[in-house]
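Asker: Note that the protein sequences, when read in sequence, are chains P and R. In case it helps, our numbering puts the first sequence at residues 4 to 488. In case it helps, our numbering puts the second sequence at residues 24 to 340. Note that the Cβ used here is the ideal one computed from N, Cα and C, for glycine as well.
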Amino acid sequence: MTQGDAVPTAAFDEMILDDGRPRPGLEALVGWMLEAPRATLKLRQADANVLFRRIGITFAVYGEGGDPERLIPFDIVPRVLLAREWAFLARGLEQRVKALNRFLDDVYHDGEIIAAGKVPERLVLLNKAYQPEMRGFDVPGRVYTHIAGIDVVRTGPEDFYVLEDNTRTPSGVSYMLQNREVMMRLFPDLFNRHRIAPVEHYPDDLRKTLQSVAPPACPGEPTVVVLSPGLYNSAYYEHTFLADKMGVELVEGQDLFVKDNAVFMRTTRGPQRVDVIYRRIDDAFLDPLTFRSDSTLGVPGLMNVYRAGGVTLANAIGGGVADDKAMYMYVPEMIRFYLGEEPLLKNVPTWWCEREDDARYVLDHLDELVVKEVAGSGGYGMLVGPKATPEERAAYAERIRAEPAEFIAQPTLALSSCPTYVADGYAPRHVDLRPFVLVGADKVRLVPGGLTRVAMRAGSLVVNSSQGGGTKDTWVLEDGGPDHA
Amino acid sequence: MLSRTAADLYWMGRYMERAESLARILEVGYRMSQTPDSDGTGTSRNEWESTAVAAGCVAGLAEKYGDATLDSVIRHLVLDEDNPSSIQSCLKTARTNGRAVRPALTAESWESLNDSWLDFTANWQRSLGRDNILAFLEWVKARTTLFRGATLGTMVRDEAFSFVELGTFIERADNTARILDVKYHVVLPAGEAVGGPRDYYQWATLLRSVSALGSYHWIYRDSIQPWLVAELLILRPEMPRSLIFALSQVRACLDAITSAHKQNYNCLRLAGRLHAEIGYAKIEDIIRSGLHEYLSEFLARNDALGNEIAADFHFYQ
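1. Here's the rule I'm using: 16 or more other beta-carbon atoms within 10 Å means buried, otherwise exposed. How should residue 52 of chain P be labelled?
2. How is residue 278 of chain P classed by DSSP in three states: helix, strand or coil?
3. Tell me the start and end of each unbroken alpha helix (DSSP H) in the region 320 to 399 of chain P that is at least 4 residues and wholly inside, in chain order.
4. What are the partner residues of residue 478 of chain P, as DSSP defines its beta bridges?
5. Alpha carbons only, please: which of R:235, R:83, R:123 and R:76 is nearest the one belonging to residue 105 of chain R?
6. Using only alpha-carbon positions, find the residue among R:335, R:294, R:307 and R:330 that is nearest to residue 284 of chain R.
7. Would you identify the three-state DSSP class for residue 446 of chain P, choosing helix, strand or coil?
8. Between which two residues does the beta strand (DSSP E) holding residue 15 of chain P run?
9. Helix or strand or just coil, what does DSSP make of residue 156 of chain P?
10. Who pairs with residue 252 of chain P in a beta bridge, going by DSSP?
11. Give a yes or no on whether the minimum CB-CB distance between residue 460 of chain P and chain R is below 8 Å.
12. Run through the region 122 to 177 of chain R for me and flag every whole alpha helix (DSSP H) of 4 or more residues, listed as ranges in chain order.
13. Return the residues of the region 262 to 287 of chain P that lie within a Cβ-Cβ distance of less than 7 Å from chain R, sorted by chain order.
14. Quick check: what's the CA-CA separation for residue 409 of chain P versus residue 373 of chain P?
15. Mind checking residue 317 of chain P: buried by the 16 CB within 10 Å criterion, or exposed?
16. How close, in whole Å, do the beta carbons of residue 101 of chain R and residue 151 of chain R come, if the pair is a contact with beta carbons under 8 Å?
17. Using a Cβ cut-off of 7 Å, pull out every chain R residue sitting near residue 252 of chain P, in sequence order please.
18. Would you call residue 242 of chain P buried or exposed, if buried means 16 or more other Cβ atoms sit within 10 Å of its Cβ?
19. Take the Cβ of residue 240 of chain R as the centre, count every other Cβ of all protein chains shown within 10 Å, and call the residue buried at 16 or more, exposed below.
20. To the nearest angstrom, how far is it from the Cα of residue 237 of chain R to the Cα of residue 262 of chain R?
21. Less than 8 Å separating the beta-carbons of residue 165 of chain P and residue 176 of chain P?
22. Can the beta-carbon of residue 235 of chain R be found less than 8 Å from the beta-carbon of residue 321 of chain R?
23. Mapping DSSP to helix, strand and coil, what is residue 39 of chain R?
24. Please list the terminal residues of the continuous beta strand (DSSP E) segment that includes residue 165 of chain P.
25. Give me the Cα-Cα distance between residue 445 of chain P and residue 231 of chain P, rounded to the nearest whole angstrom.
26. Counting only Cβ-Cβ distances shorter than 8 Å, please list the residues of the region 138 to 154 of chain R near chain P, keeping chain order.
27. Name, in chain order, the residues that DSSP records as bridge partners for residue 413 of chain P.
28. Ordered along the chain, which non-local residues of its own chain (more than five positions away) have a Cβ less than 8 Å from that of residue 139 of chain P?
29. Apart from the five residues just before and just after residue 111 of chain R, which ones in its own chain have a Cβ nearer than 6 Å to its Cβ?
30. For a cutoff of 8 Å on Cβ pairs, would you count residue 54 of chain P as touching chain R?
31. Of the choices P:357, P:323 and P:392, whose alpha-carbon is the least far from that of residue 151 of chain P?
32. Looking at residue 249 of chain P and residue 259 of chain P, is the spacing between their C-beta atoms short of 8 Å?
33. Roughly how many whole angstroms lie between the Cα atoms of residue 17 of chain P and residue 55 of chain P?
34. What first and last residue would you give for the beta strand (DSSP E) that runs through residue 455 of chain P?
35. If you follow the alpha helix (DSSP H) that residue 435 of chain P is in, where does it begin and where does it stop?
36. Mind listing which residues of the region 99 to 128 of chain R have their C-beta closer than 9 Å to chain P's C-betas, in chain order?
Here's what the structure looks like:
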């Protein structure tokens, strides 16, 4: 494969217009980029790598040999959103996450959306992520997805598409924060010349969000903990980072125990009660008494305390039913049904192979489509049709025929690109955006921007860090341009 | 604080201290092996064997590599992943412990641990041999000193800090007692001179291994007397590697940790008694009743103290 056969040729560039001029509002940044001596940039890029390695920000990648503590490539060129673009995105994101929460509350209670025929019942009830244990149980504030990561791609100046919703345990926010930290250390002058919306308050927002959903019976200030599977989890660094920045304990299953309908952590001073658990462990591993009995990561009896209102889990158990790739198709419908509004953010047209017509179309057009596993995540197990070999497509077609309901397909979008610093200077690379939406019992909180992921290989559309993607600092320019004041 | 966090901090402190002690012990062994008459003539055990004894690794070494030589010592005491007390294992375990409690550490403490391990794997692990062992040991001492400095200079004096210190000084007491014990059989009655120049040299290197040669001269203004060396390393409170110093630090840490709650801790009692007994001991009595016996008993009681600490703070549920 060569650089020339990149799929979408007419990609929208987020920084540079077709005629080579900077987009309005970005003149100062582009000017700086062009003036900065090549040698300095090279040095800064190297400094960035040293900083990340030293701080210990690495990401474990499984099953590929090599360095198990891999550094996620960081690009020194920021990705910029103008304030008005972000304002629109933020409204769209809030709308979407509100609808997802209403949907989860609904499917674990009366199932009105199913009764109204807007979402197929079997898609909900037969979903592997649907947890019958949650039926009829009122979670505090009726919030299920407290922390949502919504993956957004852009194809034009005003065209934002949601690629997928992550309503379970989305990760990456620590990279968003560290990218900003590193950028400010490397290029303080850039931050003097632009009015960039801060993101540093995310951990405070997260703590407030979590405290807002403490069990109603909790007296005084709720004790929040972060529950991690431990050192060998790929996102462990993030777990420690968030606990540290929030000023709360980072616990593992072995540190917690259940007694008298409450959860306690083992401390050097004896047991201490826990009110809210920000868990970064999948549902199936949370409680060996209710879910997988072979799990050593969870806390026996946790589910009972949870259902009795003795502790709050964030995100709630069973939230995965809202974010699989088949349910994705129905999110615009959820927004109309629950909120009575038109969706602000677009959905990518999606074919679901469970439907015969769709399956036929997908199999006939494999060379044009991106095919994904309904329950997959992290970019594993997907087929990028235009880039696959005929043999790969044939093999994938077999898998689709065997289990059609497990696959969806989407057109390959002309993902926007952003100049990126590569070996021989700046080159356009495709980017996406994962903003993080915090939903508390009191309100919805968003920090400006999010995590920008970039496909470091020329022409590649796969931005997942597990697949070699990198990240950029994401700027929301508060006055839409350089500060001339 | 979480019990698991406390345990990780404690062991992090212990393993960094152990890495440092090991580097010191190996350095002494290397210097001794460089003396002209050190090829084993006339003595029953060579320097490398006593090095392994001092490190508490003699059985493992014999079993896996046979004779104690420079090469086998480097393999077992420095690089052996199966030996939990090899320098490599110490650095790795300390870093793993530190990583597990990253939020409890300052950036400086964590980065010193993390950098040490990364530097070790990148620059030493594959190239280590007899030619660069001395440079490596210098590097270990520099890295552990950096960690110690970062911890002392940046960590808030809270429970986390106290557990790191607790591990450090329990380990230091253990190591000093071991180093001294290696030479027990040549300790002479008070007042008698040391034997030959080689013997003198061995005592000097022993002192050097705990950075106490200069201190010895300052404190005693005398030629090296074995019983004074024993006094320095057991009873002198101004000597930072003496047993009494280590135990007073252990007591201070335990007091700080337990001051906020009224429980009755066994470890507090054990530490207090051990500390007081050393505090009121006289070197003449210790030597008369046998230095080796004294040190053996101390090591057992220090071990028991470690176990009691683990039990009192619920390290292993």
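Answerer: Checking against the coordinates, here is how it stands:
1. Here residue 52 of chain P is taken as the residue at index 49 of the first sequence, counted from 1. When all chains shown are included, residue 52 of chain P counts as exposed.
2. In the first sequence, the residue the question calls residue 278 of chain P occupies position 275. It is coil, neither helix nor strand.
3. 334 to 337 and 359 to 367
4. On the first sequence, residue 478 of chain P is found 475 positions in, with the first residue counted as 1. Answer is P:83.
5. Against the second sequence, residue 105 of chain R aligns to sequence position 82. Residue 105 of chain R has its Cα closest to that of R:83, out of R:235, R:83, R:123 and R:76.
6. The residue you call residue 284 of chain R lines up with position 261 of the second sequence. Comparing Cα-Cα distances from residue 284 of chain R to each of R:335, R:294, R:307 and R:330, the minimum goes to R:335.
7. On the first sequence, position 443 is the one that residue 446 of chain P refers to. It is coil, neither helix nor strand.
8. For this step, residue 15 of chain P is matched to residue 12 along the first sequence. Looking at the DSSP string, residue 15 of chain P is not in any beta strand (DSSP E), and its letter there is neither H nor E.
9. Position 153 of the first sequence, counting from 1, holds the residue named residue 156 of chain P. Residue state, collapsed to three classes: strand.
10. Your numbering for residue 252 of chain P matches position 249 in the first sequence. According to DSSP, which records beta bridges pairwise, residue 252 of chain P is partnered with P:228.
11. Along the first sequence, read from residue 1 onward, the residue named residue 460 of chain P stands at position 457. False, the Cβ-Cβ gap to chain R never drops below 8 Å.
12. 130 to 142 and 156 to 177
13. 268, 269, 270, 271 and 272
14. As a first step, residue 409 of chain P is located in the first sequence; it is residue number 406 there, counting from the start. As a first step, residue 373 of chain P is located in the first sequence; it is residue number 370 there, counting from the start. The alpha-carbon atoms of residue 409 of chain P and residue 373 of chain P are separated by roughly 14 Å.
15. Within the first sequence, the letter at position 314 stands for residue 317 of chain P. With 16 or more Cβ atoms within 10 Å of its Cβ, residue 317 of chain P is classed as buried.
16. Locating residue 101 of chain R in the second sequence gives position 78, counting from the first residue. Locating residue 151 of chain R in the second sequence gives position 128, counting from the first residue. Their Cβ separation, rounded to whole angstroms, is 6 Å, which keeps residue 101 of chain R and residue 151 of chain R in contact under 8 Å.
17. Sequence index remark: in the first sequence, residue 252 of chain P carries index 249 (1-based). Those are 25, listed as they occur along chain R.
18. The residue given as residue 242 of chain P occupies position 239 in the first sequence. Buried, since its Cβ has 16 or more Cβ neighbours within 10 Å.
19. Taking the first residue of the second sequence as position 1, residue 240 of chain R is located at position 217. Exposed is the call here.
20. In the second sequence, counting from the first residue as 1, residue 237 of chain R sits at position 214. In the second sequence, counting from the first residue as 1, residue 262 of chain R sits at position 239. Rounded to the nearest angstrom, the two C-alpha atoms are 11 Å apart.
21. Translated into positions along the first sequence, residue 165 of chain P becomes position 162. Translated into positions along the first sequence, residue 176 of chain P becomes position 173. The answer is no: Cβ separation not under 8 Å.
22. What you label residue 235 of chain R is simply residue 212 of the second sequence in a count that begins at 1. What you label residue 321 of chain R is simply residue 298 of the second sequence in a count that begins at 1. No. Outside cutoff.
23. Counting from 1 along the second sequence, the entry for residue 39 of chain R is found at position 16. Reduced to three states, the DSSP call for residue 39 of chain R is helix.
24. Taking the first sequence and counting its residues from 1, one reaches residue 165 of chain P at position 162. Here the beta strand (DSSP E) through residue 165 of chain P covers 162 to 169.
25. As a first step, residue 445 of chain P must be located in the first sequence, where it is residue number 442. As a first step, residue 231 of chain P must be located in the first sequence, where it is residue number 228. When rounded, the distance between both Cα atoms is 26 Å.
26. 138 and 141
27. Counting from one through the first sequence, the residue named residue 413 of chain P turns up at place 410. DSSP, once it has assigned bridges, lists P:373 as partnering residue 413 of chain P.
28. Counted from its first residue, the first sequence places residue 139 of chain P at position 136. So the qualifying residues of the chain are 111 and 112.
29. Locating residue 111 of chain R in the second sequence gives position 88, counting from the first residue. Once the five neighbours on either side are set aside, the close Cβ partners of residue 111 of chain R are 102.
30. Within the first sequence, the letter at position 51 stands for residue 54 of chain P. Not one chain R Cβ lies under 8 Å of residue 54 of chain P.
31. The residue given as residue 151 of chain P occupies position 148 in the first sequence. The shortest Cα separation from residue 151 of chain P among P:357, P:323 and P:392 belongs to P:323.
32. As a position in the first sequence, residue 259 of chain P is number 256, starting the count at 1. As a position in the first sequence, residue 249 of chain P is number 246, starting the count at 1. No.
33. The residue you call residue 17 of chain P lines up with position 14 of the first sequence. The residue you call residue 55 of chain P lines up with position 52 of the first sequence. Taking the straight line joining both Cα atoms gives about 26 Å.
34. Counting from 1 along the first sequence, the entry for residue 455 of chain P is found at position 452. Run containing residue 455 of chain P: 454 to 457, per the beta strand (DSSP E) assignment.
35. For the purposes of this step, residue 435 of chain P is identified with residue 432 of the first sequence, where counting begins at 1. First-last for residue 435 of chain P: 428 to 437, but that is the beta strand (DSSP E), not the alpha helix (DSSP H).
36. 119, 122, 123, 124, 125, 126 and 127
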